[in-house]
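S.K.: Here you go, one structure.
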Amino acid sequence: MTKSSFDWNSIQNSLHALKFTTLGVSNVVKYIHDLDLLESEIYERQSSLARDYYTNPGDASARATLQSFYADIHPDASALVQACASRLSDVQDTLPEQWIPTLLPFIQSDEGKISGAIAELQGEAETYSSLSALVTYEYLDGQGDLLADRGSDDRSIRERAHRAMINAERIAAERKAELFVSLHAKRQSIARDAGFKSYADLAWSRPPLSERDYSRNDVIALRESVRRHIPGLLQILANTRKGTVGGARPWDDQIALDGKFHRSPIKDPDQALDAVGKILSELSPVLEKDFSRMRQMGVFNIAGPYDKYRQPITNYLPISGLPWVSCWYSGVSSSVFTLLHEVGHALHLYRIPKESLFRQHYPAKEYMEFVAQATETVSLPYLGHFFGEDSLPGVKLSLIERALKLIVNMTALDEFQERAYSLGETDTESLNEIYIDVLKHYPNGVDIDGIDDLVKFDWASWHVIVHPFYNLEYVLAWIGALTMLTGDEASGALLEKASARAQDAPTSSLFRDVGLRIPPTEADVAHLAAQLTSLVHISLNALSDHSIVGTK
């Protein structure tokens, strides 16, 4: 379906007709397929507009068209779709078993009253990416290459570059914070109008949070497990960094634990995709074949190091039956991992059986993120396709450290949001103070003593602003991916299996089928921390076989 063929009036009329169709056991499957097709047509339009915008973040026309869709179509479409879905409550005992995990959230919905109000805010929230596009990473005096200096072996140059980067981002960060304050007030108002004390309470009462295979108390327990068992391992890595790099400040993060700044000799995005294909061919010929097909069909829109930064994102075109990917690749190790992550999302969306309902292509977020993050971890033995032999020990440790930091940071953001939405109203200064206080409870190995001003806006992220409470999914996913890394079963076969699953069973069953438990118990987290500690010590010893370059 092309963008020009999208006929909202026709789709709207069809949804209204469906809403009043006599529904019984004999036609329930046809009813669901009809609804699924109409929703797919709506989402095809939304996703194609998002692709135009995210692949051209500075394009004002693309931004305006997407915002127009969110303002003029999305609220009514969301309400109508959910009103049709809620009618299935009368026949839910007759639903095919494999559809129940996907359809139940909509059967139990509010028929769009709350959903419509929330959907109306989405267009405002999506302006986040246009604020990111405002940032230009240059020194104010025009002297030097800021991005290159972040990898300098001179700490003073790195610090100068980091402070200049924060300064370059400051105006955008302040506007993002103001955007959140505005959304916070409106979300809290929606919650109060619906009879809830806060938006957090409302969010936990309805999908997707209400459909999690764990409770709000489980989340609190998981946050405490992370706080107890992960920071100690990060401190081991921080102490190593102090010895090889000279410190553990934010400007030291770009340098690997071997004291080097690792950049792949591959700079061209197409050549980077070639390297991904080689990794997949070693992991699983099946995955490599699907990846090659997607490349041929133009799924990947990858910007190079000299292009404007793009928010990494992967989405799906349900009528076309294809995912699309947009991200930025610079050759530094973090961008290699980001590319692998988005490829993991694309493989998952592409490999889900085509006969699945549209919504089954979007399993629970923790499972979707698990597949993407597992794509990163299972690639560790094959990173020689991106880096030279002398870089591999440092690069591999970088991924483990990055994963552990994300676990801690995302856990902290989850608590930050709980605290932010406990306030009836707020402002940027209060939010910054809350964030700094939360960071003290979740040390991530980075020394921020005395430099609150450099980190106080780090909470103003895409996840917090655009998709509230979309943080813990990363924590669960990374715990799963790292557990798979430390396990004994062949990782390529597990990834092949995991990436072909739709939401055709409860989320806990999807994880259980690849040997994982959700939510993990404290014993699970403690065991993973012990396994990783052993792995980290082995990897640190491997660094001694290579020249460790200290930095000034």
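For the sequence shown, my numbering begins at 138 and goes up steadily by one.
Cβ atoms here follow ideal geometry from the backbone N, Cα and C, with glycine treated the same way.
Please read these numbers as outputs of a predicted model, since none were measured by experiment.
1. Tell me which residue opens and which closes the beta strand (DSSP E) that N452 is part of.
2. Where do the ends of the beta strand (DSSP E) carrying V462 lie?
3. Mind checking who A331 pairs with in its DSSP beta bridge?
4. Between T644 and A501, what straight-line distance do the alpha-carbon atoms span, to the nearest angstrom?
5. Which same chain residues, not among the five before or five after E552, have their C-beta less than 8 angstroms away from its C-beta?
6. Would you list, in sequence order, the uninterrupted alpha helix (DSSP H) runs of no fewer than 4 residues that lie entirely inside the region 600-682?
7. Excluding the 5 residues flanking Y611 on each side, which residues of the same chain have their C-beta closer than 7 angstroms to its C-beta?
8. Can you confirm whether the region 263-271 touches the region 597-605 when touching is taken to mean that 3 or more C-beta pairs between the two stretches lie within less than 8 angstroms?
9. Quick check for students: name the residue ranges of the alpha helix (DSSP H) that lie wholly in the region 317-405, counting only runs of 4 or more.
10. If you drop the 5 nearest sequence neighbours on each side, which residues of the same chain put their C-beta closer than 6 angstroms to that of I373?
11. Is S319 near A328, with beta carbons less than 8 angstroms apart?
12. Just verifying my parser: in three-state terms, what is the DSSP assignment at A597?
13. Compute the distance between the beta-carbons of G414 and S429, then report whether it is under 8 angstroms.
14. How would you label R188, buried or exposed, when you count the other beta carbons within 10 angstroms and need 16 or more for buried?
15. Does the region 506-525 touch the region 460-467, meaning 3 or more C-beta pairs lie closer than 8 angstroms?
16. Pick helix, strand or coil for V583, following the three-state DSSP scheme.
17. Is the beta carbon of A256 closer than 8 angstroms to that of S215?
18. Tell me which residue opens and which closes the alpha helix (DSSP H) that F495 is part of.
19. Leaving out five residues before and five after V686 in sequence, what residues of the same chain have Cβ atoms less than 6 angstroms from its Cβ?
20. Over the uninterrupted beta strand (DSSP E) stretch that includes N438, give me the two end residues.
21. Spatial neighbours of F524 within its chain, please: C-beta separation below 7 angstroms, excluding the five flanking residues on both sides.
22. Within its chain, find whatever has a CB closer than 7 angstroms to the CB of R353; leave out the 5 residues flanking it on each side and keep chain order.
23. Report the CB separation of R287 from M302 in whole angstroms; it is logged as a contact under 8 angstroms.
24. Between which two residues does the alpha helix (DSSP H) carrying R432 extend?
25. How is V515 classed by DSSP in three states: helix, strand or coil?
26. Can you tell me whether DSSP reads V272 as helix, strand or coil?
27. Please report the straight-line C-alpha distance between I244 and Q229, rounded to a whole angstrom.
28. Classify V436: buried if its beta carbon has 16 or more other beta carbons within 10 angstroms, exposed otherwise.
29. Per DSSP, what are the beta-bridge partners of V469 in this structure?
30. Quick one: any contact between the region 305-319 and the region 272-283, if contact means 3 or more CB pairs under 8 angstroms?
31. For the structure I just gave you, are there three or more beta carbon pairs, one from the region 158-173 and one from the region 417-431, closer than 8 angstroms?
32. The alpha helix (DSSP H) spanning H578 covers which residue range?
33. Which residues in the same chain have their Cβ closer than 6 angstroms to the Cβ of L647, if we skip the five residues on either side of it in sequence?
34. Report whether the distance from the Cβ of A216 to the nearest heavy atom of the ligand HEM is below 7 angstroms.
35. Figure out for me which residue from S252, A197, D209 and S198 has the closest Cα to the Cα of A222.
36. For the region 247-307, which segments carrying the alpha helix (DSSP H) assignment without a break, of at least 4 residues, lie completely within its bounds, in sequence order?
M.R.: Taking the definition as stated:
1. Counting along the chain, the beta strand (DSSP E) containing N452 begins and ends at I450 to L454.
2. First-last of the beta strand (DSSP E) with V462: L459 to W465.
3. By DSSP's assignment, A331 forms no beta bridge with any residue.
4. Spanning the two alpha carbons is a distance of roughly 6 angstroms.
5. Once the five neighbours on either side are set aside, the close Cβ partners of E552 are R360, V575, H578 and Y579.
6. Qualifying alpha helix (DSSP H) stretches, in chain order: 609-622, 628-635, 644-649 and 659-680.
7. Here the set comprises E506, L543 and M547.
8. By the Cβ criterion, the region 597-605 is in contact with the region 263-271, since at least three pairs of Cβ atoms, one from each stretch, lie closer than 8 angstroms.
9. Qualifying alpha helix (DSSP H) stretches, in chain order: 336-342, 353-366 and 368-381.
10. The same chain holds no residue with a CB closer than 6 angstroms to that of I373 once the five nearest residues on each side in sequence are set aside.
11. For S319 and A328, no; Cβs fall outside 8 angstroms.
12. Coil, per DSSP.
13. It is a contact, given that the beta carbons lie within the stated cut-off.
14. Label assigned to R188: buried.
15. Flag = no, the region 460-467 and the region 506-525 do not touch.
16. Assigned with DSSP and collapsed to three states, V583 falls in coil, not helix or strand.
17. Yes. Within cutoff.
18. F495 -> no alpha helix (DSSP H), and no H or E assigned at all.
19. Low local confidence applies: a pLDDT of 41 at V686 is under 50, so the model's placement there is unreliable, and no value is given.
20. Taken as a continuous stretch (DSSP letters only), the beta strand (DSSP E) holding N438 covers F437 to A440.
21. For F524, where only same-chain residues beyond five positions count, the Cβ hits under 7 angstroms are H399, S401 and V532.
22. So the qualifying residues of the chain are W341.
23. The beta carbons of R287 and M302 sit about 7 angstroms from each other, so the pair counts as a contact at 8 angstroms.
24. Where R432 is concerned, the enclosing alpha helix (DSSP H) stretches over P422 to Q433.
25. In this structure, V515 counts as coil in the three-state DSSP scheme.
26. The answer is coil: DSSP assigns V272 none of H, G, I, E or B.
27. Taking the CA atoms as reference points, I244 sits about 8 angstroms from Q229.
28. Here V436 is buried: its Cβ has 16 or more other Cβ atoms, across all protein chains shown, within 10 Å.
29. In the DSSP output, where bridge partners are listed per residue, V469 has R400.
30. Judged by Cβ distances under 8 angstroms, the region 305-319 makes contact with the region 272-283, as three or more pairs qualify.
31. In this structure the region 158-173 does not lie against the region 417-431, because fewer than three pairs of beta carbons, one per stretch, are closer than 8 angstroms.
32. It spans T565 to H578 - the alpha helix (DSSP H) in which H578 sits, taken as one unbroken run.
33. Around L647: Y504 and R638.
34. Looking for the ligand HEM in the displayed structure turns up nothing, as the structure carries no ligands at all.
35. Nearest of S252, A197, D209 and S198 to A222, Cα basis: S252.
36. Unbroken alpha helix (DSSP H) stretches of 4 residues or longer found wholly inside the region 247-307: 250-262, 265-269 and 283-286, given in chain order.
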